[in-house]
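Notes follow the structure.
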Amino acid sequence: MADSTQNGPMQGGAGGGAVQFLMANKLDTAMWISRLFTVYCSALFVLPLLGLHEAASFYQRALLANALTSALRLHQRLPHFQLSRAFLAQALLEDSCHYLLYSLIFVNSYPVTMSIFPVLLFSLLHAATYTKKVLDARGSNSLPFLRNLLEKLNANQQNILKFIACNEIFLMPATVFMLFSGQGSLLQPFIYYRFLTLRYSSRRNPYCRTLFTELRIVVEHLIMKPSCPVFVVGRNLKTLTMENSVILS
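The working numbering puts the sequence shown at residues 8 to 256.
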């Protein structure tokens with residue numbers, strides 16, 4: 008009885024510490040909840056347990072939730088909104104602005120599994136980071152099983168970010184294919200190309216730029232082989248030069 012009496016207040020205090028942490032960081036908590044909701048909706052789209060019709064609605068909900076998260080994060084990074092060209096230029100440097108644009112590009116388009124993976128994985132990584140902070144506020148030894156899962160996820164963070172970057176790049180030809188198959192809009196490839204240039208110049212996430220460089224090296228190595236046709240070499244060199252100049256500009 009004495010042990011149970013002592014453990015009760017300790018458990019209540021641990022839970023109270025987590026609640027106090029959440030209440031003290033309301034904006035971060037709101038983004039945490041929206042990210043968890045994004046993960047939930049994305050998972051039900053990728054794994055259509057409730058049927059294909061419902062999966063399409065979960066696709067849209069996931070992108071809307073991600074747009075909300077991105078808008079909140081952008082407000083956190085740039086709290087003083089100004090209707091000016093300088094503010095817009097500064098906003099376009101933020102990753103949160105990039106993914107707000109990303110969500111708006113795909114939210115009303117035909118559901119594509121490739122387009123949901125960056126949203127799902129980014130939300131999962133950020134939600135995991137904040138979940139660890141909540142667990143730390145609850146107690147250093149609380150929920151060890153969940154802590155182990157979060158540590159394993161964090162250990163694979165670099166590989167996940169590389170996968171996201173690869174997904175972002177190969178979505179570009181996918182948007183073109185969607186256009187010719189009648190499942191995309193005329194403006195979508197052009198707007199997405201603008202998104203890709205923003206990701207290439209991202210200050211906080213170099214993985215897209217790094218992967219572009221690696222892919223360029225691989226393509227140049229392949230087209231320089233003697234067995235590669237001359238017209239393929241010329242066309243690819245022109246394409247690589249043009250893309251590099253446009254992205255860097």
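All residues carry an ideal CB built from backbone N, CA and C; glycine is no exception.
Quick caveat: nothing in here was measured; it's all calculated off a predicted structure.
The DSSP-derived three-state label of Asn155 is helix.
Comparing alpha-carbon positions, the option among Ser208, Arg145, Leu178, Leu132 lying closest to Leu156 turns out to be Leu132.
Residue environment for Ile224: exposed (fewer than 16 other C-beta atoms within 10 angstroms of its C-beta). Within the same chain, and ignoring the five residues on either side of Phe202 in sequence, the residues whose Cβ sits closer than 7 Å to its Cβ are His105, Leu108, Tyr109, Ile112. Linking Met231 to Gln97 through their CA atoms gives a straight-line distance of about 40 Å. Burial state of Leu99 is exposed, judged by a 10 Å Cβ sphere holding fewer than 16 other Cβ atoms. Under the three-state reduction of DSSP output, Phe88 falls in the coil class, being neither helix nor strand. With fewer than three CB-CB distances shorter than 8 Å, the region 213 to 228 does not count as touching the region 134 to 141.
DSSP, read as helix, strand or coil, puts Ser192 in coil. Sixteen is the threshold: when 16 or more other Cβ atoms of the shown chains lie within 10 Å of the Cβ of Met38, as they do, the residue is buried. Each of Leu71, Ser103, Ala93, Ala63 was checked against the Cα of Leu81, and the nearest Cα belongs to Ser103. Assigned with DSSP and collapsed to three states, Glu221 falls in helix.
Excluding five sequence positions before and after Thr36, the CB atoms of its chain that fall closer than 7 Å to its own CB belong to Leu29, given in chain order. In this chain, the alpha helix (DSSP H) harbouring Asn174 covers 164 to 187. When secondary structure is reduced to three states using DSSP, Ser130 falls in the helix class. Inclusion of Leu127 and Val46 in the CB contact set at 8 Å is warranted, their separation being smaller than that value. Taking Thr120 as the centre and dropping the five residues before and after it, the same chain places the C-beta of Val53 closer than 7 Å to its C-beta, in chain order.
Excluding the 5 residues flanking it on each side, Ser130 has same chain C-beta neighbours closer than 6 Å at Arg42, Thr45, Val46, in chain order. A contact is defined here as three or more CB-CB pairs under 8 Å, and the region 186 to 203 fails this definition with respect to the region 166 to 173.
When Pro233, Val183, Gln164, Tyr214 are compared, the shortest CA-CA separation from Tyr200 is found for Val183. Close CB contacts of Thr76 within its chain, under the 6 Å cut and outside five residues either way in sequence, are with Met38, Ser41, Arg42 (chain order).
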